[in-house]
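Whatever position you read off the sequence shown (first residue = 1), add 208 for the numbering used here.
For glycine and all other residues, C-beta sits at the position ideal for the given N, C-alpha and C.
What follows is a short report on a single structure.
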Amino acid sequence: MMRISSILILLGLAILAVSCNADDDISLADTTNTFQGEVAWVKSYGGSGDENAQSVIETSDGGYAILGFTNSTDGELQGKVLPVNDYWLLKLDTDGNLEWIKTYGGSKDDRGQAVI
Numbered sequence: 209m210m211r212i213s214s215i216l217i218l219l220g221l222a223i224l225a226v227s228c229n230a231d232d233d234i235s236l237a238d239t240t241n242t243f244q245g246e247v248a249w250v251k252s253y254g255g256s257g258d259e260n261a262q263s264v265i266e267t268s269d270g271g272y273a274i275l276g277f278t279n280s281t282d283g284e285l286q287g288k289v290l291p292v293n294d295y296w297l298l299k300l301d302t303d304g305n306l307e308w309i310k311t312y313g314g315s316k317d318d319r320g321q322a323v324i
């Protein structure tokens with residue numbers, strides 16, 4: 209888990225009471241101006257397989273770039289052909305809304321480890 213600005217980025221498995229696809233997804237929770245510890249919003253990204261975030265950075269526009277890997281071929285990952293792990297790069301805006309997703313990889317396991 210990593211704290212950047214007011215967004216709590218949960219890296220790895222998160223069990224949350226929100227609508228998400230299945231298995232491990234990448235989840236974000238915003239606790240901005242909630243001094244009592246309430247969560248303002250929660251977002252979850254992924255498909256029916258496993259998604260795992262390895263690294264996150266704040267981008268120059270105040271958003272976030274998250275790098276990890278996925279073996280999903282549905283959900284936000286429709287169009288990905290093989291159900292093997294591929295690099296997965298997400299760009300989010302300051303509110304955690306998805307701006308774009310890129311996957312990279314071949315027929316074998318490919319896992320992103322760090323975004324710099």
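ask   = When burial is assigned at 16 or more other CB atoms within 10 Å of the CB, is K288 buried or exposed?
value = Here residue 288 refers to the residue found at position 80 when the sequence shown is read from its first residue. With 16 or more other Cβ atoms within 10 Å, it is buried.
ask   = In this structure, does DSSP put L306 in helix, strand or coil?
value = Along the sequence shown, one-based indexing puts residue 306 at 98. Three-state DSSP puts L306 in a strand.
key: Backbone CA spacing between Q321 and A273 [nearest angstrom]   = Residue 321 sits at position 113 when you count from the first residue of the sequence shown. Residue 273 sits at position 65 when you count from the first residue of the sequence shown. Rounded to whole angstroms, the separation of the alpha carbons of A273 and Q321 is 13 angstroms.
ask   = Looking at K310 and L290, is the spacing between their C-beta atoms short of 8 angstroms?
value = One-based indexing of the sequence shown puts residue 290 at position 82. One-based indexing of the sequence shown puts residue 310 at position 102. Contact flag unset, no.
query = What does a CB cutoff of less than 6 angstroms around T281 pick up in its chain, not counting 5 residues either side in sequence?
reply = Within the sequence shown, the letter at position 73 stands for residue 281. Answer for T281: K288 and P291, listed in chain order.
message = Please identify the residue among R319, Q286, I324 and T267 whose C-alpha is closest to the C-alpha of G254.
response = As a first step, residue 254 is located in the sequence shown; it is residue number 46 there, counting from the start. In terms of CA proximity to G254, Q286 leads the group R319, Q286, I324 and T267.
request  = With S276 as the anchor, note down where its beta strand (DSSP E) starts and where it stops.
outcome  = On the sequence shown, residue 276 is found 68 positions in, with the first residue counted as 1. In the sequence as presented, Ser is not what sits at residue 276; that position holds Gly. Run containing G276: Y272 to T278, per the beta strand (DSSP E) assignment.
inquiry  = Suppose the cutoff is 7 angstroms on Cβ atoms and the five residues either side in sequence are ignored; what does the same chain contact list for E246 look like?
reply    = Here residue 246 corresponds to residue number 38 of the sequence shown, with the count starting at 1. The beta carbon of E246 is closer than 7 angstroms to none in its chain, skipping five residues each way along the sequence.
query = If you compare alpha carbons, which of Q262, V250, L236 and W308 is closest to E284?
reply = Your numbering for residue 284 matches position 76 in the sequence shown. The shortest Cα separation from E284 among Q262, V250, L236 and W308 belongs to W308.
query = In three-state DSSP terms, what is L285?
reply = Within the sequence shown, the letter at position 77 stands for residue 285. DSSP, read as helix, strand or coil, puts L285 in helix.
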